[in-house]
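In order, the protein sequence lines correspond to chains A and B. So for the first sequence, our numbering puts the first residue at 2; every next one is plus one. So for the second sequence, our numbering puts the first residue at 289; every next one is plus one. Cβ coordinates follow ideal geometry from the N, Cα and C atoms, glycine included. These notes concern the structure reproduced below.
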Amino acid sequence: MSEKVLMKGNEAIGEAAIVAGCRHYFGYPITPQTELTEYMAKRMPQVDGVFVQAESEVAAINMVYGAAGAGARTMTSSSSPGISLKQEGISYIAGAELPCVIVNIMRGGPGLGGIQPGQGDYFQATKGGGHGDYRNIVLAPNSVQELVDITILAFDLADKYRNPVMLLGDGALGQMMEPVAFKPSSSVAPAKPWAASGMRGRKEPNIINSLYLQPEQLEKHNIRLQKKYLLIEENEIRYEELYTDDAELIIVAYGITSRIARSAIEKARAEGVKVGMLRPISLWPFPAAPLAGLASSANAFLTIELSAGQMVEDVRLAVNGAKPVYFYGRTGGMMPNPKAIYEQILNVMSGKGGK
Amino acid sequence: MSDKIFQRPHSLKDVSFHYCPGCHHGIIHRLVAEAIDELNAGDKAIGIAPVGCSVLAYEYFNCDMFEAAHGRAPAVATGVKRVHPDALVFTYQGDGDLAAIGCAEIVHAAARGEKITTIFVNNAIYGMTGGQMAPTSLLGQVTNTSPYGRSEEGAGLPIRVSEMLATLDGAKFVARVAVNNPANMAKAKAAIKKAFELQQKGEGFSLVEVLSTCPTNWGMTPLDSSEWLEKNMIPYYPLATFKTPEGGSK
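Here is the structure:
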């Protein structure tokens with residue numbers, strides 16, 4: 002499939018996983034990601050793959066723990082409340098250093114929240130979510146094509162670092178249809194000599210585990226994990242810049258919000274307003290250095306999210322007080338329209354500040 | 289030279305167990321290892337250890353192992369088996385792990401007919417955390433969280449896991465055994481071996497519930513514990529084969 006096809010975001014993720022060689026999917030229905038689970042139910046048998054509808058998100062993530070530990074490229078997906086249920090398993094997967102891909106098609110929260118798009122799981126995704134000192138690699142696409150490309154990348158990064166990778170989308174991205182191309186992929190899972198696949202002639206058993214009862218050993222394990230996270234921070238920061246060269250105001254937005262912001266930026270630019278955007282693609286590791294760099298040329302930053310203000314904390318840390326950082330967000334499944342963002346841009350540019 | 293007629297099973301590592309004196313885990317580990325050896329399945333065996341006293345089972349079995357989160361071993365085993373359908377996949381779980389926090393996982397693994405084997409060690413108490421009430425603690429049993437004895441009002445009645453799971457069509461072999469005397473040990477070993485054999489044949493889910501003692505947390509000597517098991521546990525948890533592929537119970 003190299004020609005473009007019209008696909009729904011959720012289904013495109015599923016097909017991309019298959020292109021990446023994922024043959025083990027474990028899921029549980031929840032709006033607004035259910036199409037992905039349904040797509041895998043339909044497609045996996047066609048590619049000799051395994052689809053299991055688990056009894057819960059808790060079970061699904063533990064099936065992923067088992068399949069990943071057994072050496073397979075594996076994936077699960079859910080939406081916000083279901084991702085909360087998976088956090089125990091994600092912590093174990095991070096602790097046991099297993100590669101896997103977890104898709105969160107975010108909806109509004111907290112609690113049962115709603116079923117419309119949200120970005121309120123940023124803290125959960127990037128700051129841990131489960132217990133203990135660990136990091137997920139968190140990737141945030143903003144189009145159906147990028148959902149495809151980044152899903153494939155997610156499997157590669159998971160294997161490269163033996164680390165869970167979370168694809169952080171939202172209900173709008175999951176539900177919208179756009180043309181996509183599935184390029185032939187060179188993505189191949191590496192050999193996994195550490196996997197618990199049965200000894201089959203190997204001399205020593207392989208053990209998949211996150212338990213270290215001796216404090217000295219556990220600290221050593223944690224130090225090793227932190228070194229890995231540092232390596233990821235050095236190598237895997239991804240972002241896109243738009244009109245940042247001469248921008249006096251830098252918008253920071255990710256995912257679907259960056260698409261809306263772009264419309265507002267184009268309108269403002271057409272009127273000569275010097276506004277640009279930095280769009281983080283990797284939310285962890287966060288593109289702090291490029292933002293810090295822009296703080297020397299721009300006068301202000303405006304972070305836009307479908308939350309009450311989560312990523313803005315990382316923007317403030319990156320800018321480190323050098324320039325003012327403003328925030329504009331909508332929650333509950335409400336989306337800002339380009340006009341609202343345009344007005345925010347003018348407010349900040351005229352010195353009135355943001356909300 | 290005399291012939292060696294008794295030795296450590298190949299499927300057990302040459303390390304000391306951490307289990308308390310008189311605890312049955314050591315015996316049960318040995319029976320599982322012997323069954324794996326006799327089926328010559330060590331090379332394809334993959335075990336899933338639980339959270340509880342047998343949390344370190346991955347240090348004892350000489351085969352590939354996972355340590356699972358509390359109660360999740362059947363889900364982990366599902367993932368493993370779906371990747372390696374030719375492997376002999378077993379979970380080793382206690383009563384808190386399986387019958388409380390992991391109830392959903394065990395019921396649905398059985399309902400799906402996952403081709404895995406669960407060794408369910410029922411000693412009617414939470415051992416590792418120091419003696420709290422389990423779903424299988426008997427009525428009147430004194431534990432640290434039922435200090436006045438387990439009462440039906442508030443704590444309900446103990447769960448008979450084997451009988452419950454035997455109602456599911458996906459469960460092809462379900463048996464309850466004990467290891468409190470040599471005759472029972474022999475029957476326990478036969479049940480474990482049969483469960484593994486049925487898994488190898490691709491029959492479906494199998495579970496062997498093994499009644500076990502916990503002298504430390506029961507506050508008894510090992511001998512008194514075995515007697516308490518005989519007098520109190522077996523009447524409530526009868527030793528039987530509840531389900532076989534041949535159909536029905538026997």
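*Report yes or no: is there a C-beta of chain B within less than 8 Å of the C-beta of HIS25(A)?*
yes
*According to DSSP, what are the bridge partners of ARG263(A)?*
DSSP lists no partner for ARG263(A).
*Kindly list the residues whose CB is nearer than 8 Å to the CB of GLY110(A), restricted to its own chain and excluding five residues on each side of it in sequence; keep chain order.*
SER81, PRO82, GLY119, GLY121, ASP122
_Spatially closest choice to GLY428(B) from LYS460(B), GLY330(B), ALA443(B), by CA coordinates_ = ALA443(B)
*Sequence-distant residues of the same chain with beta carbon closer than 6 Å to VAL166(A), five excluded per side*: VAL102, ILE138, ALA155, LEU158, ALA159
*For ASP247(A), is the classification buried or exposed, using 16 other Cβ atoms within 10 angstroms of its Cβ as the cut-off for buried?*
exposed
*How big is the Cα-Cα spacing for ASN143(A) and ALA483(B)?*
50 Å
*Can you tell which of LYS204(A), PRO288(A), GLY256(A), GLU220(A) has the C-alpha that lies nearest to the C-alpha of ILE233(A)?*
PRO288(A)
*Following the continuous beta strand (DSSP E) through MET178(A), name the residue where it begins and the one where it ends.*
178 to 181
*Span of the alpha helix (DSSP H), counted from its first residue to its last, around TRP506(B)*: 503 to 506
*For ASN410(B), does the three-state DSSP call read helix, strand or coil?*
strand
*Pull up the DSSP beta-bridge partners for THR332(A), would you.*
Looking at the DSSP assignment, THR332(A) forms no beta bridge with any residue, so it has no partner.
*asked:* For a cutoff of 8 Å on Cβ pairs, would you count ALA190(A) as touching chain B?
replied: no
_Just verifying my parser: in three-state terms, what is the DSSP assignment at SER304(B)?_
coil
*By a C-beta neighbour count over all protein chains shown, 10 Å radius and 16 as the cutoff for buried, is SER92(A) buried or exposed?*
buried
*Own chain partners of ASP352(B) with C-beta closer than 8 Å, once the 5 adjacent residues on each side are dropped*: ALA333, ILE334, GLY335
*Tell me, please, whether the region 335 to 347 of chain B touches the region 26 to 41 of chain A by the rule of three or more beta-carbon pairs shorter than 8 Å.*
no
*What span of residues does the alpha helix (DSSP H) with ILE138(A) cover, start to end?*
Where ILE138(A) is concerned, there is no enclosing alpha helix (DSSP H), although the beta strand (DSSP E) it sits in stretches over 138 to 140.
*Residue range of the beta strand (DSSP E) that includes TYR135(A)*: Neither: TYR135(A) is in no beta strand (DSSP E) and is coded neither H nor E.
*What three-state label does DSSP hand LEU226(A) in the structure shown?*
helix
*Where ASP315(A) and SER439(B) are concerned, what is the direct C-alpha to C-alpha distance, given to the nearest angstrom?*
53 Å
*Could you give the distance in angstroms between the alpha-carbon of GLY415(B) and the alpha-carbon of ASP383(B)?*
10 Å
*asked:* What are the residues in the region 378 to 394 of chain B lying within 8 Å of chain A by C-beta distance?
replied: ALA392, GLU393
*Going by alpha carbons, who is nearest to TYR343(A) out of GLU306(A), ILE266(A), ILE305(A), LEU307(A)?*
ILE266(A)
*Distance, Cα to Cα, VAL104(A) vs PRO191(A)?*
22 Å
*Using a Cβ-Cβ cut-off of less than 9 Å, give me the residues of the region 100 to 116 of chain A that come near chain B, in sequence order.*
none
*Taking only runs that begin and end inside the region 91 to 119 of chain A, name each unbroken beta strand (DSSP E) of 3 or more residues, in chain order.*
101 to 107
_C-beta contact flag for VAL409(B) and ILE316(B) at 8 Å_ = yes
*Where does the unbroken beta strand (DSSP E) through TYR380(B) begin, and where does it stop?*
376 to 382
*Give a yes or no on whether 8 Å exceeds the smallest Cβ distance from MET539(B) to chain A.*
This structure cannot speak to residue 539(B), because chain B is shown only from 289 to 538.
*Indicate whether at least one CB of chain B lies closer than 8 Å to the CB of MET2(A).*
Legend: pLDDT at MET2(A) = 48, less than 50; position of this residue unreliable, no value from coordinates given.
*Classify ALA17(A) as helix, strand or coil using the three-state DSSP reduction.*
helix
*Are there 16 or more other CB atoms within 10 angstroms of the CB of ASN432(B), so buried, or fewer, so exposed?*
exposed
*In chain A, which residues lie less than 8 Å from ASP457(B) when you measure between Cβ atoms?*
Those within 8 Å of ASP457(B) in chain A number zero; the least Cβ separation is about 16 Å.
*Taking 8 Å as the cut-off, decide whether the C-beta atoms of LEU140(A) and LEU168(A) are in contact.*
yes
*Leaving out five residues before and five after HIS542(B) in sequence, what residues of the same chain have Cβ atoms less than 8 Å from its Cβ?*
No statement about residue 542(B) is possible, as the shown extent of chain B runs from 289 to 538 and does not include it.
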